[in-house]
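Position 90 (the sequence shown) corresponds to 90 in UniProt numbering; numbering is contiguous.
Before any comments, here is the structure.
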Amino acid sequence: MRKLENSELERKSIEDFKKSQKTPLILVLDDVRSLHNIGSVFRTADAFLIEKIYLCGITATPPNKEIHKTALGATETVSWEHNENVLDTITALKQDGVITLAIEQVESAIFLQDFKIEKNQKYALVFGNEVHGVAQEAVALCDGCIEIPQLGTKHSLNISVSAGIVVWDLFQKMNWEK
Numbered sequence: 001m002r003k004l005e006n007s008e009l010e011r012k013s014i015e016d017f018k019k020s021q022k023t024p025l026i027l028v029l030d031d032v033r034s035l036h037n038i039g040s041v042f043r044t045a046d047a048f049l050i051e052k053i054y055l056c057g058i059t060a061t062p063p064n065k066e067i068h069k070t071a072l073g074a075t076e077t078v079s080w081e082h083n084e085n086v087l088d089t090i091t092a093l094k095q096d097g098v099i100t101l102a103i104e105q106v107e108s109a110i111f112l113q114d115f116k117i118e119k120n121q122k123y124a125l126v127f128g129n130e131v132h133g134v135a136q137e138a139v140a141l142c143d144g145c146i147e148i149p150q151l152g153t154k155h156s157l158n159i160s161v162s163a164g165i166v167v168w169d170l171f172q173k174m175n176w177e178k
């Protein structure tokens with residue numbers, strides 16, 4: 001087994017990325033403080049051709065050298081928008097027919113492994129602050145909640161890790177589940 005060189009990976013150009021059909025997922029980051037988390041979410045969004053990222057509240061926006069450290073250029077490929085109020089963002093997405101899902105531990109949450117994708121449906125995944133999670137008002141406004149099962153002594157994951165897990169799970173369900 002030989003490790004592939006970057007030149008062998010057939011990476012898309014920025015122009016090709018922008019022209020590509022996107023995965024019908026939108027990410028909403030609300031009050032995410034860590035610039036490295038924001039950059040990591042951009043990088044994950046690039047990897048899975050995510051349609052758009054909404055950066056809400058105090059979540060920083062590109063261009064920013066700290067975001068760039070982990071995004072590695074993904075801020076140039078992934079479409080993004082800053083909105084001051086996450087509730088307005090969720091409301092607008094719902095009015096556009098997007099199913100909004102908070103990624104949070106709440107009563108009646110659906111465990112990630114049990115979540116079923118509806119074909120030809122667009123989803124928005126709402127991720128919250130590193131300390132407080134998704135605000136209760138945002139949870140209440142969403143169409144549902146997904147929880148990542150955790151079995152250890154900690155009951156939270158880094159937001160960029162959570163985003164990677166959930167995006168991968170939904171991406172593979174959209175593309176390869178029978």
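C-beta atoms are modelled at their ideal positions from N, C-alpha and C, and glycine is treated no differently.
Quick caveat: nothing in here was measured; it's all calculated off a predicted structure.
Return helix, strand or coil for residue i, following the three-state DSSP convention.
i      : result
Trp176 : coil
Val86  : helix
Lys52  : strand
Phe115 : coil
Asn158 : coil
Asp30  : strand
Asn120 : coil
Ile99  : strand
Ile148 : coil
Gly73  : coil
Gly128 : coil
Could you check how far apart the C-beta atoms of residue i and residue j are, in whole angstroms? I think they sit under 8 Å.
i     : j      : result
Val86 : Gly57  : 6 Å
Ala74 : Phe127 : Their Cβ separation, rounded to whole angstroms, is 16 Å, which puts Ala74 and Phe127 out of contact at 8 Å.
Ile90 : Leu141 : 5 Å
May I have the straight-line CA-CA distance separating residue i from residue j, to the nearest angstrom?
i           : j      : result
Val41       : Lys52  : 11 Å
residue 181 : Thr61  : Nothing can be reported for residue 181, as the shown portion of the chain is limited to 1 through 178.
Ala138      : Asp96  : 17 Å
Thr100      : Ile110 : 13 Å
Arg33       : Leu4   : 35 Å
Thr59       : Lys69  : 16 Å
Ala71       : Ile38  : 8 Å
Going by the beta-carbon positions, is the gap between residue i and residue j smaller than 8 Å?
i      : j      : result
Lys122 : Val98  : yes
Thr23  : Phe171 : yes
Ile146 : Leu112 : yes
Leu93  : Ala124 : yes
Leu49  : Ser20  : yes
Ile148 : Val166 : yes
Original post:
Between the region 26 to 39 and the region 158 to 171, do three or more beta carbon pairs fall short of 8 Å?
Top reply: yes
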